[in-house]
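Working notes, beginning with the structure itself.
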Amino acid sequence: MKELKVDLGARSYPIKIGSNLLQTLGEELKNLSFGGKLLVVTDENVYPLYGKTCLESLKNSGFKVDVLVMPPGEGTKGWFYAEKIFSRALDLGMDRDSGIVALGGGVIGDLAGFAAATYMRGVSYVQVPTTLLAQVDSSVGGKVAINHPRGKNMIGAFYQPLLVLVDLDTLNTLPFRELRSGMAEVVKYGIIRDASFFNTLYTALDPTFSQEKEFFQDTVYRSCAIKAEIVSADEREGGLRAILNFGHTLGHALEAATRYSYFNHGEAVNYGMLLASRLAHREGLLRKTELDLIEDLLYRVGFLEFPQNINVKDIVQGLKYDKKRKGEKTIFILPEKIGRVGIYDNIAEEKVEKILKDFFKEFNKY
Ligand SMILES: NC(=O)c1ccc[n+]([C@@H]2O[C@H](COP(=O)([O-])OP(=O)(O)OC[C@H]3O[C@@H](n4cnc5c(N)ncnc54)[C@H](O)[C@@H]3O)[C@@H](O)[C@H]2O)c1
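Numbering of the sequence shown is given in our numbering, commencing with residue 479 and proceeding in unit increments.
Structure (structure tokens):
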């Protein structure tokens, strides 16, 4: 097992990464001095695979534990299901000593974390991420949220867990598209912060993702280390943390243009990173040789076929609803070289449109 720390003073917490860790959940929580009742929040795909192991471990360690199983998918990240958690917690008589365990992907992590942040003004929670995306990204850093019908992640908080427990064995059951989605976020870390990690991935990444276990352990560890370093320096996104949004401005616009029903998160981010890198090159920020390397690796991660029924206008419109906008300005995170990005708020809309138009022309050729 490998261990990292998110260093936030009194709110610091460990990230533990390894195999066979679900069995240790109960002991881990005992060490964290969880006192009261526990509610495990999970989804219908994850529960049959990993629910029993987690519940047994918690019960064997003496916890009173109940479980709430949600439908899978982004639609669950809303008020209706948050309220289900609150109601169950009230039914169980959970108090401020009680805790929540988020067992699942980013949807469950964000939803259960949001419930933990707000139930009785905050109860402790732990993240047990089971998708690659959740393991390398959403479970670390304390951003918890639900969606509003008018936008993703609009209602939320910064609320750190007491522990992130990453059992790499859960990746064995993850569908290919979900692995690919997480891998896009992995590659993001190399581009924004760590050229040597980028090179490792460039050498080792095989588009079937059939690498050895060690590859995933190392990949998850290095990704979490980068995220932990950034979050420790800037918990509430006052500056540096914004670089984690590389690929997300255009990625979110793509998700919005397809009504969140075509791409999954990382698939849209992969296109977003491609477009942002092209924009950076067009702006004279990124050399062609580096752009080529980035594109090469993004293609190796793989692109979901681009949808037929959206156009440039839809995507530009989506940018206007970006949560990270400052007034009228859209913020772009653009690579200046592999391992370094800058934050730009001065990119003219026409230039973004041009990149998109060229991209659509290229896409239509195929
Ligand atoms: N909080 C953050 O910092 C942050 C960062 C990035 C993304 N997110 C959020 O994360 C969400 C996306 O997360 P996700 O990609 O994990 O999606 P997800 O939670 O919907 O999981 C994807 C699918 O995989 C299934 N699944 C999960 N683990 C499995 C396993 N081990 N085996 C088989 N199936 C499994 C799930 O049931 C689901 O159908 C989005 O809502 C996004 O906004 C949050």
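By construction, the Cβ of each residue, glycine as well, lies at the ideal position given by its N, Cα and C atoms.
The structure presented is a predicted model; accordingly, all values stated were derived computationally and were not measured.
Problem - residue 572 - DSSP class collapsed to helix/strand/coil - result: To locate residue 572, count along the sequence shown from 1; it is residue 94. Here residue 572 sits in coil by DSSP.
Problem - Among 535, 812 and 510, nearest to residue 670 - alpha-carbon criterion - result: As a working mapping, residue 670 is identified with position 192 in the sequence shown. For the residues 535, 812 and 510, the minimum Cα distance to residue 670 belongs to 812.
Practice task
For the beta strand (DSSP E) holding residue 625, just list the boundary residues, first then last.
Solution key: Here the question's residue 625 lines up with position 147 in the sequence shown. First-last of the beta strand (DSSP E) with residue 625: 621-626.
Practice task
Would you kindly report the start and end of the unbroken alpha helix (DSSP H) that includes residue 751?
Solution key: Taking the first residue of the sequence shown as position 1, residue 751 is located at position 273. Per DSSP, residue 751 belongs to the alpha helix (DSSP H) from 743-760.
Exercise for the section: Report the rounded CA-to-CA distance for residue 650 versus residue 805, giving the unit in angstroms. Expected result: The residue you call residue 650 lines up with position 172 of the sequence shown. The residue you call residue 805 lines up with position 327 of the sequence shown. Cα to Cα, the separation comes out at about 44 angstroms.
Handout entry: Close beta carbons around residue 482, own chain, < 6 angstroms, minus the five adjacent residues each side
Key = Residue numbering aside, residue 482 sits at position 4 when the sequence shown is read from its first letter. Excluding residues within five positions, the ones whose Cβ falls inside 6 angstroms are 493, 702, 703 and 706.
Problem - Helix, strand or coil at residue 713 [DSSP, three-state] - result: As a working mapping, residue 713 is identified with position 235 in the sequence shown. In this structure, residue 713 counts as coil in the three-state DSSP scheme.
Handout entry: Selection from 830, 809, 815 and 828 that minimises the alpha carbon distance to residue 821
Key = Here residue 821 corresponds to residue number 343 of the sequence shown, with the count starting at 1. Ranking the options by Cα distance to residue 821, first place goes to 809.
Problem - Distance between residue 535 and residue 575 (C-alpha atoms, nearest Å) - result: Position 97 of the sequence shown, counted from the first residue, corresponds to residue 575. Position 57 of the sequence shown, counted from the first residue, corresponds to residue 535. Cα-Cα distance, rounded: 20 angstroms.
Exercise for the section: For the alpha helix (DSSP H) containing residue 671, list its first residue and its last residue. Expected result: Working through the sequence shown from its first residue, we reach residue 671 at position 193. Start and end: 654-671.
Exercise for the section: Compare the beta carbon distance of residue 666 and residue 724 with 8 angstroms and say whether it is the shorter of the two. Expected result: For this step, residue 666 is matched to residue 188 along the sequence shown. For this step, residue 724 is matched to residue 246 along the sequence shown. Against a cut-off of 8 angstroms, the Cβ pair of residue 724 and residue 666 comes out as a contact.
Handout entry: Residue from 714, 716 and 525 with nearest C-alpha to residue 606
Key = Position 128 of the sequence shown, counting from 1, holds the residue named residue 606. Residue 525 is the option with its Cα nearest to residue 606.
Problem - Euclidean distance between Cα positions of residue 772 and residue 688 - result: As a position in the sequence shown, residue 772 is number 294, starting the count at 1. As a position in the sequence shown, residue 688 is number 210, starting the count at 1. Going from the Cα of residue 772 to the Cα of residue 688 covers about 21 angstroms.
Exercise for the section: Sort 749, 636 and 728 by Cα distance to residue 714 and report the nearest one. Expected result: Locating residue 714 in the sequence shown gives position 236, where the first residue counts as 1. For the residues 749, 636 and 728, the minimum Cα distance to residue 714 belongs to 636.
Handout entry: Whole beta strand (DSSP E) elements within the segment 500-538, 3-residue minimum
Key = 516-521
Problem - Outcome for residue 739 when other beta-carbon atoms lying within 10 angstroms are tallied against a minimum of 16 - result: Translated into the one-based positions of the sequence shown, residue 739 becomes position 261. Its Cβ having fewer than 16 others within 10 Å, residue 739 is exposed.
Exercise for the section: Tell me whether residue 681 is buried or exposed, calling it buried when 16 or more other Cβ atoms sit within 10 Å of its Cβ. Expected result: Walking along the sequence shown from the start, residue 681 turns up at place 203. Using a 10 angstroms sphere on the CB of residue 681, the tally of other CB atoms stays under 16, which defines it as exposed.
Handout entry: Identity of the residue in 797, 741, 516 and 807 nearest residue 572 by Cα
Key = In the sequence shown, counting from the first residue as 1, residue 572 sits at position 94. Ranking the options by Cα distance to residue 572, first place goes to 516.
Practice task
Give a yes or no on whether the C-beta atoms belonging to residue 588 and residue 616 are separated by under 8 angstroms.
Solution key: The sequence position of residue 588 within the sequence shown is 110, counting from 1. The sequence position of residue 616 within the sequence shown is 138, counting from 1. In this structure, residue 616 lies closer than 8 angstroms to residue 588 by Cβ.
Practice task
Quick one: grab the DSSP three-state call for residue 634.
Solution key: Taking the first residue of the sequence shown as 1, we reach residue 634 at position 156. Note: residue 634 maps to strand in three-state DSSP.
Handout entry: Coil, strand or helix - residue 602 by DSSP
Key = Numbered from its first residue, the sequence shown carries residue 602 at position 124. Secondary structure of residue 602 (DSSP, three-state): strand.
Practice task
Consider the C-beta atom of residue 521 and the heavy atoms of ligand 1; say whether any pair is separated by less than 7 angstroms.
Solution key: Indexing the sequence shown from 1 puts residue 521 at position 43. True, at least one ligand heavy atom lies under 7 angstroms from that Cβ.
Practice task
Leaving out five residues on either side along the sequence, give the residues of the same chain with a beta carbon under 6 angstroms from the beta carbon of residue 538.
Solution key: Position 60 of the sequence shown holds residue 538. The residues are 504.
Practice task
Apply the 10 Å Cβ neighbour rule to residue 490 and answer buried if 16 or more other Cβ atoms are within range, or exposed otherwise.
Solution key: If you number the sequence shown from 1, residue 490 lands on position 12. Exposed, because fewer than 16 other Cβ atoms sit within 10 Å of the Cβ of residue 490.
Handout entry: Heavy atom of ligand 1 within 7 angstroms of residue 626 beta-carbon
Key = As a position in the sequence shown, residue 626 is number 148, starting the count at 1. Incorrect: residue 626 has no Cβ contact closer than 7 angstroms to ligand 1.
Problem - C-alpha gap between residue 770 and residue 777, whole angstroms - result: By 1-based counting over the sequence shown, the position of residue 770 is 292. By 1-based counting over the sequence shown, the position of residue 777 is 299. Rounded to the nearest angstrom, the two C-alpha atoms are 10 angstroms apart.
Exercise for the section: With DSSP collapsed to three states, give me the class of residue 790. Expected result: For the purposes of this step, residue 790 is taken as the residue at position 312 of the sequence shown. Three-state DSSP puts residue 790 in a helix.
Problem - Start and end residues, beta strand (DSSP E) containing residue 809 - result: What you label residue 809 is simply residue 331 of the sequence shown in a count that begins at 1. Run containing residue 809: none; DSSP gives neither H nor E here.
Practice task
Return helix, strand or coil for residue 597, following the three-state DSSP convention.
Solution key: Residue numbering aside, residue 597 sits at position 119 when the sequence shown is read from its first letter. Correct three-state label for residue 597: helix.
Handout entry: Any non-hydrogen atom of ligand 1 within 7 angstroms of residue 732 CB
Key = Counting from one through the sequence shown, the residue named residue 732 turns up at place 254. Result no, Cβ not under 7 angstroms from ligand 1.
Handout entry: Distance cut-off 7 angstroms: residue 742 Cβ against heavy atoms of ligand 1
Key = Translated into the one-based positions of the sequence shown, residue 742 becomes position 264. In terms of side-chain proximity, the C-beta atom of residue 742 is found nearer than 7 angstroms to a non-hydrogen atom of ligand 1.
Practice task
Could you tell me if the beta carbon of residue 683 falls within a distance shorter than 7 angstroms of some heavy atom in ligand 1?
Solution key: Sequence index remark: in the sequence shown, residue 683 carries index 205 (1-based). No, since every heavy atom of ligand 1 falls outside the 7 angstroms radius drawn around the Cβ of residue 683.
Practice task
Take residue 746 and list the residues in its own chain whose beta-carbon comes closer than 6 angstroms to its own, dropping the five residues that flank it on each side.
Solution key: Taking the first residue of the sequence shown as 1, we reach residue 746 at position 268. If we look at residue 746 and ignore the five residues flanking it on each side, its Cβ neighbours are 729, 732 and 733.
Practice task
Report whether the distance from the Cβ of residue 631 to the nearest heavy atom of ligand 1 is below 7 angstroms.
Solution key: As a first step, residue 631 must be located in the sequence shown, where it is residue number 153. Yes - ligand 1 has a heavy atom lying nearer than 7 angstroms to the Cβ of residue 631.
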